[in-house]
Structure formats: structure tokens, C-alpha cells
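Here the sequence shown is numbered in our numbering, starting from 45 and rising by one per residue.
Where is the CB? At the ideal position from N, CA and C, for every residue including glycine.
Right, one structure below, let's go through it.
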Amino acid sequence: MAEIAASSEVHARDQARQSVGAVTWIGRLLVAAALIALVVVIGRALILFVDHAAAALDYPYTLNYGEGPLLDQAVRLANGVDLYPPDLSAPPYTITNYPPLYILAQTPFLAEYGPAFWYGRLIALASAAAAAVLIALTIHALTRDALAALIGGALLLTIPYVLHWGPLARIDSLALALSWGGLFVIARWPERWAALLLAALLLTAAAYTRQTYLLAAPLAVFAWLIGRGRVYRGLVFAVLFGSLVLGIFAVLTVATRGGIFYHLITANVNALDPNLITFYADEIANHLPIFVVGGGLLIISGLIFALGRVIWRRRFPQAQVWWLAAPYLIGAALAALTISKVGSDINYLFEVVAACCLTAGLWVAWLRRWPPLRAAVMALIAVQVVMATALSEARYYPILIERTREDRRAQVAELMQTITTAAGPILADEHMGLLALSGQPIQLQPFEMSQLAQAGLWDQAGFVAALERGDYPTVMLYQPYRNPGLRFERWTPEMLNQINASYRPALQTAETIVYTHIDR
45 MAEIAASSEV HARDQARQSV GAVTWIGRLL VAAALIALVV VIGRALILFV DHAAAALDYP
105 YTLNYGEGPL LDQAVRLANG VDLYPPDLSA PPYTITNYPP LYILAQTPFL AEYGPAFWYG
165 RLIALASAAA AAVLIALTIH ALTRDALAAL IGGALLLTIP YVLHWGPLAR IDSLALALSW
225 GGLFVIARWP ERWAALLLAA LLLTAAAYTR QTYLLAAPLA VFAWLIGRGR VYRGLVFAVL
285 FGSLVLGIFA VLTVATRGGI FYHLITANVN ALDPNLITFY ADEIANHLPI FVVGGGLLII
345 SGLIFALGRV IWRRRFPQAQ VWWLAAPYLI GAALAALTIS KVGSDINYLF EVVAACCLTA
405 GLWVAWLRRW PPLRAAVMAL IAVQVVMATA LSEARYYPIL IERTREDRRA QVAELMQTIT
465 TAAGPILADE HMGLLALSGQ PIQLQPFEMS QLAQAGLWDQ AGFVAALERG DYPTVMLYQP
525 YRNPGLRFER WTPEMLNQIN ASYRPALQTA ETIVYTHIDR
């Protein structure tokens, strides 16, 4: 009887092993199938990104309102002109909204090739690619899971906001790459003092590319060190980072006679429009819902890790990683709320979508011991990529492609010809970058100065009088058919009334009306 019982027990164990083996193989097959689906949908999204980027690099003219001022600022910096003048009572009426690092990065190209947009866009594209790589490297440093790292990094370039904004000659991709450089360094070598110093330097560089990068990544580094029990290192990082940021700002404040404070802080306090938050929150909820759920579950998982340690006396290996990922996600979400400022755009969402990519990669890594669950998460990510790509194709991809069509290029070339042949200083809004391309300084940034006038921080009376006198013989107003009321955001009623009274339309092309002053 004992022999029969022992034989039955051995047989039961063999059956259990076979069942576990079968489940394991099924799980692996499911992971392989989900991976194939991911490769297909991510590959399609990356092809769209590359096509979009190529169109941007090939286009010689302005693609976005903000490209022109940044190129003009690079020209001014190369010529030794103050980027942050403290006095705006006389022309040029321009605002340098951002710290100088991205502007400085363009100056070597400017010296070699002259004013152009292609190198600013190339810097941005290289930075977007670098950010994707650094997200992947950070996930790998945290989890040692190569598959999860590749998925998380590749996801960044599938996001509609990165597809649209990444190829533009704007500051945001460089700031994102620098911040993720700091996160990777501290995640990879958390015990090295040299890594802590390098992380502080990279995060300072990110902050001096775009000032909103002062929150999410530095908070994540500080929390990561504290969560690992390295309180002293966390405090040293906080003091070092704060000292670098404040020390550089103090030097620049003295050098610019307070101008940098006015341009970066005072002039950036725009009116708030809660409808902007509602619009983008709805868009994210409708088109990126799986990312939203994944981020929410990541935050909640911290409670599970805490309960596991207190109640079950069990430590979860994911808990340490949570101390970097969750603070970054929370900080990025808080920074994204500044999109409520009038004039804000999707670049305010860069950090929060990068946090979503990190979160997705972590969930894939954390479930590696449960292949069926890992496969399910990968399948959900594939569905999310399909949804994101659909949003790109429907809303964001056509914006740039439409602007770079041959007929539109010919129309903008006509505007460029008008600029090069017109006498006297010219005012423009969307196409003020054409002034920088032609070697002329931008005399007015209408949106920024209108915001200051409406806030009571700039007296526009002198400028309106200059319009009446004809000090600016030519004015170009952009009136896109998709947003015909845009001019009311960029110009004050007093400016528009004076243009209507003292100027007459002379040309309409590229959704722009060219006005010339009426000689009296």
C-alpha cells in the first residue's frame, strides 16, 4: 500500500510539472504573439514619425510660430546682442521666453550655414531619439529586462505629441533628452558620487533649456535616493541641484540687469484658460486610455508595496523602482497642468507622455515571471499604439504635411519675396521666422507683447502710435481657415483697430494677409 501511495504521489507531481510546463509554454507563445503585434504596430508608427520628420527637415520656412523667435534669438546671441533686455519701452518688442541653452546650441551651425531652420529641427529630432534611447536605458538599469526597455523606449516616438512637435525647431526635445540623461545616470549608478554630480549637471542643463523641467526629473531623483535609504545622498543632490540652478540664475540676473527674471518669469505669467486642460484631458482619456490606467495602477501599486512590507513582512523588489517612477509621473502631471496658460501647446505634455512610456516598460518587466499576464500587458500596449497612431494620422500628422505641400511652399516663397523687396521694418506673426531667414530682426512678437499689454505689464500706446505713423510699412497677419480667430489671441484690439484704420490689404497668400501702410 505504501508503495502504491508513493507511486501515486510521484505521478501527481509529474502531472503538476507537466501542467506548469504547458502553462509556461503557452505563456511564452502568447508573449511571442504579443511581441509580433507590437513590432508591427510600433514599426508602422515609427515609419510615420520618420516620414513626418523628413518633411520637416526638407521644408525651409516656418512650421510653427515659436520657431521664428528662437532663430532670431540665436542670431542676436551670435551677434552679441542681449537676449534678455530689461527695458521694453522701445523696439524691438521681443521676449525671450526660455533659458539660453537651446539657443546657444544653434550658434555653431549659424556661424557655418547662416540663418536656417534645418539645424534647429535636426537638434530637436536627435534629442527626441536620444530621449527614447535614454528611457530604454533607464528601464533596463531599473529592471535588467531588455525587452521591456526596448518597448518603453520605442513607445516615445509613437506618441502623437512627440510626432508633431519633435521635428520642430523648438526647445522641448532637448530639454527632455537632458532630463532623461540625468535620470539614467542616477538609475544606473545610484551609489557613485560622480553619477550624482553628473545627474545634477544634466538636470540643471535641462532646466536651462526649459524652465518647467525643474520639477519632475529632479523630484524623481531625490525620491529615488531617499526611497533606497540613501537620505544623505538625496539631501546632497537637492542642495547641489538647487545651488547650481540658483547660482547660475543669480549670475545671469546680474549680467542682464534683471532682464532674465522679467523674460522667464514675469513675461511668462499668461492668462489661464481652463478649457485647454479640459480639451487635452479629454483627448488623452479618449486616445491614450491604456497609458492613463497604467499610470494610475503604478501610483496605486505603491500602497500595495507598503502594505506588503507592514502586514506580510515582505519586501517587493519593485518598491525601489516605484520611488523613481511614481514621483516622476506625479511631477510630470503637475507640470502638464501649466498647459492651461493661453498660448500653450502640446509641448507641455512631453514629460507626462515620457512617464507613460516608463510606466509601460515597467509593467512589462514586472510581469516577466507570469508570461500570460506579460503577454496581456504587451497586447494592451499594442492596442494603445494603434489608438495613438490613429490620433496622429487624424489630427497631428496632417498639420505639418499640409504646410509643406508644394503649393503651400510656393505661397510662402511669395511671402518671402515680399519681405526681401519691402522697404522698412516689417511686422509678422506666424511667419516672423521669414524675417530671421532674410537677415532682418524681428521687431515685435505680437502674442507675447499682447499678453503683457493685457496684463498691464507693457504700455502699448507707443507701439500703436508707431503703427499709425507708418513706422512699420508692412504688416503680415496670419488667418488660418482652421482657426480664423487666431489673430485675436496674438494682437490686442487696439493693434488690430489701428491696422484696419491705417493699412490696406495688398496681398493674400499662405493664409496670410499682407497689409501696407496708407500714405496720407
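Review point. In the structure shown, what three-state DSSP assignment does ARG548 receive?
Key: As a position in the sequence shown, residue 548 is number 504, starting the count at 1. In the structure shown, ARG548 sits in a strand (DSSP, three-state: E or B).
Review point. What span of residues does the beta strand (DSSP E) with TYR559 cover, start to end?
Key: Taking the first residue of the sequence shown as 1, we reach residue 559 at position 515. 556-561 is the span of the beta strand (DSSP E), which, as asked, contains TYR559.
Review point. For ALA60, does the count of other Cβ atoms within 10 angstroms reach 16, so buried, or fall short, so exposed?
Key: Residue 60 sits at position 16 when you count from the first residue of the sequence shown. Confidence is the limiting factor: at ALA60 the pLDDT is only 48, short of 50, which leaves the residue's position unreliable, though a coordinate-based value still follows. ALA60 is exposed by the Cβ-count criterion.
Exercise for review: Rounded to whole angstroms, what's the CA-CA distance from ALA118 to LEU107? Just pull it up for me.
Suggested key: Counting from one through the sequence shown, the residue named residue 118 turns up at place 74. Counting from one through the sequence shown, the residue named residue 107 turns up at place 63. Cα to Cα, ALA118 sits roughly 17 Å from LEU107.
Practice item. Note down, one range per segment and in chain order, each beta strand (DSSP E) of at least 3 residues found wholly within the stretch 467-534. Key: Complete beta strand (DSSP E) runs here, min 3: 470-472 and 518-522.
Point to revise | Contact check, TYR440 vs PRO204, beta carbons under 8 Å | key: Position 396 of the sequence shown, counted from the start, is the residue given in the question as residue 440. Position 160 of the sequence shown, counted from the start, is the residue given in the question as residue 204. For TYR440 and PRO204, yes; Cβs fall inside 8 Å.
**Study point:** Residue burial classification, ASP563 (beta-carbon count within 10 angstroms, cutoff 16)
**Key:** In the sequence shown, the residue the question calls residue 563 occupies position 519. The Cβ neighbour count for ASP563, taken over all protein chains shown within 10 Å, is under 16; the residue is labelled exposed.
Review point. If you check the beta carbons only, do PRO487 and LEU511 fall under 8 Å apart?
Key: As a position in the sequence shown, residue 487 is number 443, starting the count at 1. As a position in the sequence shown, residue 511 is number 467, starting the count at 1. In the sequence under discussion, the amino acid at residue 487 is Gln, which differs from the Pro named in the question. It is not a contact, given that the beta carbons lie outside the stated cut-off.
Check your understanding: Are there 16 or more other CB atoms within 10 angstroms of the CB of ARG277, so buried, or fewer, so exposed?
Key -> As a working mapping, residue 277 is identified with position 233 in the sequence shown. Classification for ARG277: buried.
Review point. What residues match up with LEU316 in a beta bridge as DSSP calls it?
Key: Taking the first residue of the sequence shown as position 1, residue 316 is located at position 272. According to DSSP, which records beta bridges pairwise, LEU316 is partnered with LYS385.
Point to revise | Buried or exposed by the 16-neighbour rule on C-beta atoms within 10 Å, applied to ASP95 | key: Counted from its first residue, the sequence shown places residue 95 at position 51. Counting Cβ neighbours within 10 Å, ASP95 comes out exposed, since fewer than 16 surround it.
Check your understanding: Quick one: Cα of ILE230 to Cα of GLN364, how far?
Key -> Sequence index remark: in the sequence shown, residue 230 carries index 186 (1-based). Sequence index remark: in the sequence shown, residue 364 carries index 320 (1-based). Those two C-alpha atoms are separated by around 13 Å.
Check your understanding: Relative to the C-alpha of SER171, which residue among ALA149, TYR525, LEU74 and PRO469 is closest?
Key -> Locating residue 171 in the sequence shown gives position 127, where the first residue counts as 1. When each option's Cα is compared against that of SER171, the closest is ALA149.
Practice item. Would you be able to state if there are at least three C-beta pairs under 8 Å between the stretch 368-383 and the stretch 252-264? Key: yes
**Study point:** Other residues of its chain near PHE532: CB distance less than 8 Å, five sequence neighbours each side excluded
**Key:** Along the sequence shown, one-based indexing puts residue 532 at 488. If we look at PHE532 and ignore the five residues flanking it on each side, its Cβ neighbours are LEU540.
Point to revise | TYR276 - DSSP class collapsed to helix/strand/coil | key: Residue mapping note: residue 276 aligns to position 232 of the sequence shown, counting from 1. In this structure, TYR276 counts as helix in the three-state DSSP scheme.
Exercise for review: Check whether the Cβ atoms of LEU218 and THR187 lie closer than 8 Å to each other.
Suggested key: The residue you call residue 218 lines up with position 174 of the sequence shown. The residue you call residue 187 lines up with position 143 of the sequence shown. If you check the CB distance, LEU218 and THR187 do not come in under 8 Å.
Point to revise | DSSP state of TYR137 mapped onto helix, strand, coil | key: To locate residue 137, count along the sequence shown from 1; it is residue 93. Three-state result, TYR137: strand.
Exercise for review: Take LEU342 and list the residues in its own chain whose beta-carbon comes closer than 8 Å to its own, dropping the five residues that flank it on each side.
Suggested key: Counted from its first residue, the sequence shown places residue 342 at position 298. Cβ neighbours of LEU342 beyond the five flanking positions: TRP366, ALA369, ALA370, LEU373, THR403, LEU406 and TRP407.
Practice item. Return the Cβ separation of ALA466 and PRO517 in integer angstroms, given the expectation that the two are a contact with Cβ distance under 8 Å. Key: On the sequence shown, position 422 is the one that residue 466 refers to. On the sequence shown, position 473 is the one that residue 517 refers to. Between PRO517 and ALA466 the Cβ distance is about 7 Å, and since that is below 8 Å, they are a contact.
Check your understanding: Looking at the structure shown, is THR536 part of a helix, part of a strand, or coil, going by DSSP?
Key -> The sequence position of residue 536 within the sequence shown is 492, counting from 1. THR536: coil per DSSP, three-state reduction.
**Study point:** Collapsed DSSP secondary structure at THR553 in the structure displayed
**Key:** Taking the sequence shown and counting its residues from 1, the one referred to as residue 553 is at position 509. THR553: strand per DSSP, three-state reduction.
**Study point:** At least 3 beta-carbon pairs within less than 8 Å: the stretch 96-115 vs the stretch 476-486
**Key:** yes
**Study point:** Beta-carbon proximity list for ALA432, same chain, < 8 Å, skipping 5 on both sides
**Key:** The residue given as residue 432 occupies position 388 in the sequence shown. Within the same chain, Cβ atoms closer than 8 Å to the Cβ of ALA432 are found at ALA89, THR202, ILE203, PRO204, HIS331 and LEU332, the five residues on either side in sequence being excluded.
Exercise for review: State yes or no: is the C-beta of ALA213 within less than 8 Å of the C-beta of PHE285?
Suggested key: Position 169 of the sequence shown, counting from 1, holds the residue named residue 213. Position 241 of the sequence shown, counting from 1, holds the residue named residue 285. In this structure, PHE285 does not lie closer than 8 Å to ALA213 by Cβ.
Review point. Is it right to say ILE80 is buried, meaning 16 or more other beta carbons lie within 10 angstroms of its own, or is it exposed?
Key: Taking the first residue of the sequence shown as 1, we reach residue 80 at position 36. Exposed, because fewer than 16 other Cβ atoms sit within 10 Å of the Cβ of ILE80.
Check your understanding: Would you say the beta carbon of PRO204 comes nearer than 7 Å to a heavy atom of the ligand FMN?
Key -> This structure lacks the ligand FMN, and indeed carries no ligand of any kind.
Practice item. Please specify which runs of the alpha helix (DSSP H), each continuous and at least 4 residues long, are wholly inside the stretch 177-202, giving them in chain order. Key: 190-199
Exercise for review: Note the first and the last residue of the continuous alpha helix (DSSP H) segment covering TRP209.
Suggested key: Start at 1 with the first residue of the sequence shown, and residue 209 comes out as number 165. 204-209 is the span of the alpha helix (DSSP H), which, as asked, contains TRP209.
**Study point:** Nearest neighbour of ILE557, chosen from ALA98, ASP503 and GLN455 [CA to CA]
**Key:** By one-based count along the sequence shown, residue 557 stands at place 513. Checked all of ALA98, ASP503 and GLN455; the closest Cα to ILE557 is GLN455.
**Study point:** Buried versus exposed call for THR310 [16 or more other C-beta atoms within 10 Å across all chains shown]
**Key:** Position 266 of the sequence shown holds residue 310. Under this definition THR310 is an exposed residue.
Exercise for review: Indicate whether ILE463 and SER436 have their beta-carbon atoms separated by less than 8 Å.
Suggested key: Working through the sequence shown from its first residue, we reach residue 463 at position 419. Working through the sequence shown from its first residue, we reach residue 436 at position 392. No, Cβ-Cβ distance for ILE463 and SER436 is not below 8 Å.
Review point. CA-CA distance, ALA282 and ALA438?
Key: Translated into positions along the sequence shown, residue 282 becomes position 238. Translated into positions along the sequence shown, residue 438 becomes position 394. So the two alpha carbons sit approximately 43 Å from each other.
Point to revise | Nearest candidate by alpha-carbon position, reference TYR525, set LEU496, LEU82, GLY346 and GLN552 | key: Within the sequence shown, residue 525 is the residue found at index 481, counting from 1. Checked all of LEU496, LEU82, GLY346 and GLN552; the closest Cα to TYR525 is GLN552.
Practice item. Using alpha carbons as the reference points, say which of ALA76, LEU101, THR68 and GLY71 lies closest to ARG447. Key: Counted from its first residue, the sequence shown places residue 447 at position 403. Measuring from the Cα of ARG447, the nearest candidate turns out to be LEU101.
Review point. What do you reckon, are the CB atoms on ARG534 and PRO490 nearer than 8 Å?
Key: On the sequence shown, position 490 is the one that residue 534 refers to. On the sequence shown, position 446 is the one that residue 490 refers to. Contact flag set, yes.
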